[in-house]
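K.L.:
This is the structure I have questions about; it appears just below.
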Amino acid sequence: MRIVKVLSIILITFVLIAGIAIPLAPAPQGLFEFPIIPGLEDKARNIFYHVPIAWTTVLAFLVSMWYGYRYLRTRSIDDDLKSVSSAGLGFMLCILATVTGSLWAKFNWGSFWNWDPRETSIFVLLLIYGAYFALRSALASDEARARLSAVYAIIAGLTVPFFIFVLPRMVAGLHPGAKGDVDGSGPVLEFKMAPNMRVVFFSSLIGFTLFYIWLLTLRIRAARLEHHVADQHS
Amino acid sequence: MSTIARTWALVVKDARSELRTRYAMNALVMFVITSVATILFAMREDQASPELLAGMYWVVVFFSSMSGLSRIFVSEEEKGTALALQLIASPKVVYVGKLLFNCGLTLLLTLAVTVLYLIVFPGFVVASFDIFAVTWLLGSLGLASAATIIAAIIARANTRGTLYPVLSFPVLIPLLMTVMRSTIRALAGESFENAFGEFQVLFSYLLVMTGGSYLLFEHVWKD
Amino acid sequence: MNGIRLQVTDLRRDFNRRPVFQGISFALDAPGSLAVTGLNGAGKSTLIKVLAGAIGPTTGTVAYQRAGVPIEIDALRHELGFVSPYLNLYDEFSAEENLRLLSRIRSGNEPASVTIERRMKQVNLWNRRHDDVGTFSSGMKQRLKYAFALLHEPTVLMLDEPTSNLDAEGIAVVEAIVAEQKERGILIVATNDESEAAWCTARVHLSGSGGNKR
Ligand SMILES: Nc1ncnc2c1ncn2[C@@H]1O[C@H](COP(=O)(O)OP(=O)(O)OP(=O)(O)O)[C@@H](O)[C@H]1O
Ligand SMILES: [Mg+2]
Numbered sequence: 002m003r004i005v006k007v008l009s010i011i012l013i014t015f016v017l018i019a020g021i022a023i024p025l026a027p028a029p030q031g032l033f034e035f036p037i038i039p040g041l042e043d044k045a046r047n048i049f050y051h052v053p054i055a056w057t058t059v060l061a062f063l064v065s066m067w068y069g070y071r072y073l074r075t076r077s078i079d080d081d082l083k084s085v086s087s088a089g090l091g092f093m094l095c096i097l098a099t100v101t102g103s104l105w106a107k108f109n110w111g112s113f114w115n116w117d118p119r120e121t122s123i124f125v126l127l128l129i130y131g132a133y134f135a136l137r138s139a140l141a142s143d144e145a146r147a148r149l150s151a152v153y154a155i156i157a158g159l160t161v162p163f164f165i166f167v168l169p170r171m172v173a174g175l176h177p178g179a180k181g182d183v184d185g186s187g188p189v190l191e192f193k194m195a196p197n198m199r200v201v202f203f204s205s206l207i208g209f210t211l212f213y214i215w216l217l218t219l220r221i222r223a224a225r226l227e228h229h230v231a232d233q234h235s
Numbered sequence: 042m043s044t045i046a047r048t049w050a051l052v053v054k055d056a057r058s059e060l061r062t063r064y065a066m067n068a069l070v071m072f073v074i075t076s077v078a079t080i081l082f083a084m085r086e087d088q089a090s091p092e093l094l095a096g097m098y099w100v101v102v103f104f105s106s107m108s109g110l111s112r113i114f115v116s117e118e119e120k121g122t123a124l125a126l127q128l129i130a131s132p133k134v135v136y137v138g139k140l141l142f143n144c145g146l147t148l149l150l151t152l153a154v155t156v157l158y159l160i161v162f163p164g165f166v167v168a169s170f171d172i173f174a175v176t177w178l179l180g181s182l183g184l185a186s187a188a189t190i191i192a193a194i195i196a197r198a199n200t201r202g203t204l205y206p207v208l209s210f211p212v213l214i215p216l217l218m219t220v221m222r223s224t225i226r227a228l229a230g231e232s233f234e235n236a237f238g239e240f241q242v243l244f245s246y247l248l249v250m251t252g253g254s255y256l257l258f259e260h261v262w263k264d
Numbered sequence: 023m024n025g026i027r028l029q030v031t032d033l034r035r036d037f038n039r040r041p042v043f044q045g046i047s048f049a050l051d052a053p054g055s056l057a058v059t060g061l062n063g064a065g066k067s068t069l070i071k072v073l074a075g076a077i078g079p080t081t082g083t084v085a086y087q088r089a090g091v092p093i094e095i096d097a098l099r100h101e102l103g104f105v106s107p108y109l110n111l112y113d114e115f116s117a118e119e120n121l122r123l124l125s126r127i128r129s130g131n132e133p134a135s136v137t138i139e140r141r142m143k144q145v146n147l148w149n150r151r152h153d154d155v156g157t158f159s160s161g162m163k164q165r166l167k168y169a170f171a172l173l174h175e176p177t178v179l180m181l182d183e184p185t186s187n188l189d190a191e192g193i194a195v196v197e198a199i200v201a202e203q204k205e206r207g208i209l210i211v212a213t214n215d216e217s218e219a220a221w222c223t224a225r226v227h228l229s230g231s232g233g234n235k236r
């Protein structure tokens, strides 16, 4: 765990500094200049933060779903602790991803919200997280809470493929890389990211994933302790 | 063979119970009438575009179904009859029976909303009947499928009324977006092939939702 | 005669992560009877619901078998009768309708009319058979539950608080049912009334603190 912690701190620190400090240049020379992507310019830097956070949001949801499924098999409350811990983190990350995305959208597309397919998807994920916690607070016993919220997470998870694969193809999107993305309105990740940008981007992806793992283990430990204390007091 | 007979017996029981108490039916009818009336007030003399009407059609269907489709499980829970059902029927029978009942109810609901729309909105003209019919069928069944498993979940919670739409809405968004698109096609009089994409989505939604619910239902139903 | 056997191994059920009971193990052969006793909140109803398969155990197993062959839960439903104050029948149906509809859901067909008549006469509800259950008194509802539980001649009969709401005549009916069931199959009674517990030969006492905990 220590290595996860240290590595995530190092990587995120690196991404924070490199992602913001490295200047843009029309004809980038060497490692310490990013290319100017037409239509994005400095706004391209958001890729280093927004995309990894959005990725971790989805990861957190999948992990939560997985432990929910595990709970249904094992009926061990510890699996529910893991599931809800991941969902709690995912909810926070989801808010962060929505905010970073919508700030960027304001400057790039002119308004905070445009109902682009991916904006719709993250909005739905936010609703799912909200519904998940609303359901949990409405159930009386720990077992019913664990059981029913696990089922809900899986049912909600069944709709995820529709958002990832189906919706973006049906509705023209504004997102870089989406259907209808004409040249200049955004970079397609694979084509236009310079090698040094990729280093920062993937460092960030790994950094945020490790950060999530670190926080998740912390939360699980805290939740276990909390349950333990609650048991001794009643 | 006997499984079919048992499942059907459950549908008959629920249908007869519904005819006696009119609990879901009354809620559905009143919701449809009030929501359509509200739209009429809001629009006054304006002629709404087909796009808007197609959207509003499914808004009415969504909110009305949220008022009535949870009865099927909530009433068993409230009347304390769920235990009797747990003792005599397997979870699979209960799930399929309740799903069939809700499918019937939803088809009736969407049919009623359609008739009402045709009467009160001159702009609501179904130009491609075939697209509309398939959308009506697949949309209603998909809606009923998602609504049934969520109803089973919220029946065990203590703030059922508000929780039902909150839990259902995110799950129903892919369906709602798709039916709205194909309803627009139906109103615009497009040819049948144009809506194949939507039909595929609706059909896979129905399969995924029903299959997932079928497998998970036991965990909801059995404490 | 039918040789059904109930085998319970290391059964435990939690509510809010605390065991209501744990470490429950016993075997019961037909013909035989078992009383589940304990104070209010000791977990009698919880245990009997787990035995009936209406709720799941947290850990441990409940297994029914006949001549060593396990009986699946779906098959068990045809052999199980259950009576308790918290099991309700449908208020909006008449007494007879309840029996017919529920039997059809259980087995796909209705029992013979003579069976229904016999059971309803046994619990003295025959002349009220067309009335809605919603109009019944609580004692009458309890009687109807006996008719419902016995309609399919169950080999396993479970009674939770068997005589609640019943008058003297009703209690006599229950005692006759109990005597017959003990000879015919398995009888399990959950009660905190010593005289009812005395109907049974074996006993599981729940201490109400989650078995050996505390
Ligand atoms: N659905 C539930 N959710 C949470 N706790 C429950 C639930 N059902 C039972 N319990 C708890 O389990 C314990 C045992 O309850 P149970 O009804 O089995 O007791 P009992 O022995 O039947 O009591 P009584 O003699 O009053 O009928 C109680 O402490 C109760 O609070
Ligand atoms: Mg009890």
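Residue numbers (my numbering), protein chains in the order written: chain D, 2 to 235; chain V, 42 to 264; chain Z, 23 to 236. Ideal placement from N, C-alpha and C gives every residue a C-beta, glycine not left out.
Anything in chain D within Cβ reach of Z:T80, meaning under 7 Å, just list it in chain order.
P.N.:
In chain order: R76.
K.L.:
Please list, in chain order, all residues of the same chain as D:F192 whose beta carbon is under 6 Å from its beta carbon, the five residues on each side excluded.
P.N.:
Per-residue confidence for D:F192 stands at a pLDDT of 46, beneath the threshold of 50, marking its modelled position as unreliable; the derived number appears in the next sentence. Excluding residues within five positions, none has a Cβ falling inside 6 Å.
K.L.:
In chain D, what lies closer than 7 Å to V:V261 by C-beta?
P.N.:
The contacting residues are L149, V152.
K.L.:
In this structure, does DSSP put D:Y72 in helix, strand or coil?
P.N.:
Three-state DSSP puts D:Y72 in a helix.
K.L.:
In three-state DSSP terms, what is Z:Y86?
P.N.:
Strand, per DSSP.
K.L.:
Under 8 Å between C-beta atoms, does V:A198 make it to chain D?
P.N.:
V:A198 counts as touching chain D.
K.L.:
For V:L248, which residues of its own chain have a beta-carbon under 7 Å away from its beta-carbon, when the five flanking residues on both sides are left out?
P.N.:
So no residue of the chain qualifies.
K.L.:
Considering just the uninterrupted stretch of the alpha helix (DSSP H) at Z:D32, what are its terminal residues?
P.N.:
No alpha helix (DSSP H) contains Z:D32, which is instead part of the beta strand (DSSP E) from 26-37.
K.L.:
Would you give the residue range spanned by the beta strand (DSSP E) that Z:G269 belongs to?
P.N.:
Any property of residue 269 of chain Z remains undetermined from this structure, which presents chain Z solely from 23 to 236.
K.L.:
If we call anything under 8 Å between Cβ atoms a contact, is Z:A74 one with Z:F104?
P.N.:
Result yes, Cβ atoms of Z:A74 and Z:F104 sit closer than 8 Å.
K.L.:
Keeping to the same chain, check which residues put their C-beta closer than 7 Å to that of D:S87; ignore five residues upstream and five downstream.
P.N.:
So the qualifying residues of the chain are A61, V64, S65, Y68, L217.
K.L.:
Starting from D:H228, find everything on chain Z with Cβ-Cβ shorter than 9 Å and list it in chain order.
P.N.:
Here the neighbours are R39.
K.L.:
Take V:L94 as the anchor and find which of V:N199, V:V207, V:I160 has the nearest alpha-carbon.
P.N.:
With distances taken between Cα atoms, V:L94 lies closest to V:I160.
K.L.:
Suppose the cutoff is 7 Å on Cβ atoms and the five residues either side in sequence are ignored; what does the same chain contact list for V:Y98 look like?
P.N.:
V154, Y158, T224, listed in sequence order.
K.L.:
Classify D:W215 as helix, strand or coil using the three-state DSSP reduction.
P.N.:
Residue state, collapsed to three classes: helix.
K.L.:
For D:T160, decide whether its Cβ has a neighbour in chain V, counting only Cβ atoms nearer than 8 Å.
P.N.:
Yes, its Cβ sits closer than 8 Å to a Cβ of chain V.
K.L.:
Measure the C-alpha to C-alpha separation of V:D171 and D:I165 and round it to an integer number of angstroms.
P.N.:
Roughly 29 Å between the two C-alpha positions.
K.L.:
Is the closest heavy atom of ligand 2 to the C-beta of Z:S67 under 7 Å?
P.N.:
Checking the Cβ of Z:S67 against ligand 2 gives yes.
K.L.:
Check the Cβ of Z:D96 against every Cβ in chain D and list those closer than 9 Å, keeping chain order.
P.N.:
Under the 9 Å cutoff, chain D gives no residues; its nearest Cβ is about 20 Å from Z:D96.
K.L.:
Determine the burial state of Z:Y108: buried for a count of at least 16 other Cβ atoms within 10 Å of its Cβ, exposed for fewer.
P.N.:
Exposed, since its Cβ has fewer than 16 Cβ neighbours within 10 Å.
K.L.:
Output yes if chain D places a C-beta closer than 8 Å to the C-beta of V:V242; else output no.
P.N.:
It does: the Cβ of V:V242 has a partner Cβ on chain D nearer than 8 Å.
K.L.:
With three or more C-beta pairs closer than 8 Å as the rule, is the stretch 203-212 of chain Z touching the stretch 163-182 of chain Z?
P.N.:
The stretch 163-182 of chain Z is in contact with the stretch 203-212 of chain Z.
K.L.:
How many Å lie between V:G252 and V:T176 at the Cα?
P.N.:
Approximately 20 Å, taken between the alpha carbons.
K.L.:
Which class does Z:N234 belong to by DSSP, given the choice of helix, strand or coil?
P.N.:
Per-residue confidence for Z:N234 stands at a pLDDT of 37, beneath the threshold of 50, marking its modelled position as unreliable; the derived number appears in the next sentence. Coil.
K.L.:
I'd like to know whether the C-beta of D:F62 is nearer than 8 Å to at least one C-beta of chain V.
P.N.:
Not one chain V Cβ lies under 8 Å of D:F62.
K.L.:
Check whether the Cβ atoms of V:S43 and V:M107 lie closer than 8 Å to each other.
P.N.:
No, they are not a contact pair.
K.L.:
Would the beta-carbon of V:G109 fall within 8 Å of that of V:A65?
P.N.:
Cβ distance < 8 Å, so V:G109 and V:A65 count as in contact.
K.L.:
Would you kindly work out how many angstroms separate the C-alpha atoms of D:P196 and D:Q30, rounded to a whole number?
P.N.:
For D:P196 and D:Q30, the distance between alpha carbons rounds to 12 Å.
K.L.:
Using a Cβ-Cβ distance cut-off of 8 Å, determine whether V:P210 contacts chain D.
P.N.:
In the sequence under discussion, the amino acid at residue 210 of chain V is Phe, which differs from the Pro named in the question. Yes, V:F210 counts as interfacial toward chain D.
K.L.:
Using DSSP with H/G/I as helix, E/B as strand and the rest coil, what is Z:T81?
P.N.:
Of the three classes helix, strand and coil, the one that applies to Z:T81 here is strand, per DSSP.
K.L.:
Check whether the Cβ of D:D232 lies closer than 8 Å to any Cβ atom in chain Z.
P.N.:
Yes, contact with chain Z.
K.L.:
Give me the subset of the stretch 33-60 of chain Z whose CB atoms are less than 7 Å from a CB atom of chain D, sorted by chain position.
P.N.:
Listed in sequence order: D36, F37, N38, R39.
K.L.:
Quick one: which residues of the stretch 218-251 of chain V get their C-beta closer than 9 Å to a C-beta of chain D? List them in chain order.
P.N.:
Correct list: M218, T219, R222, G238, E239, Q241, V242, S245, Y246, V249, M250.
K.L.:
Mind checking who V:P163 pairs with in its DSSP beta bridge?
P.N.:
Paired residues: none, contrary to the question.
K.L.:
Which residues share a DSSP beta bridge with Z:R225?
P.N.:
Answer is Z:A57, bridged to Z:R225.
K.L.:
Check the Cβ-Cβ distances between V:V207 and every residue of chain D, and say whether any is below 8 Å.
P.N.:
Yes - at least one Cβ of chain D is within 8 Å of the one on V:V207.
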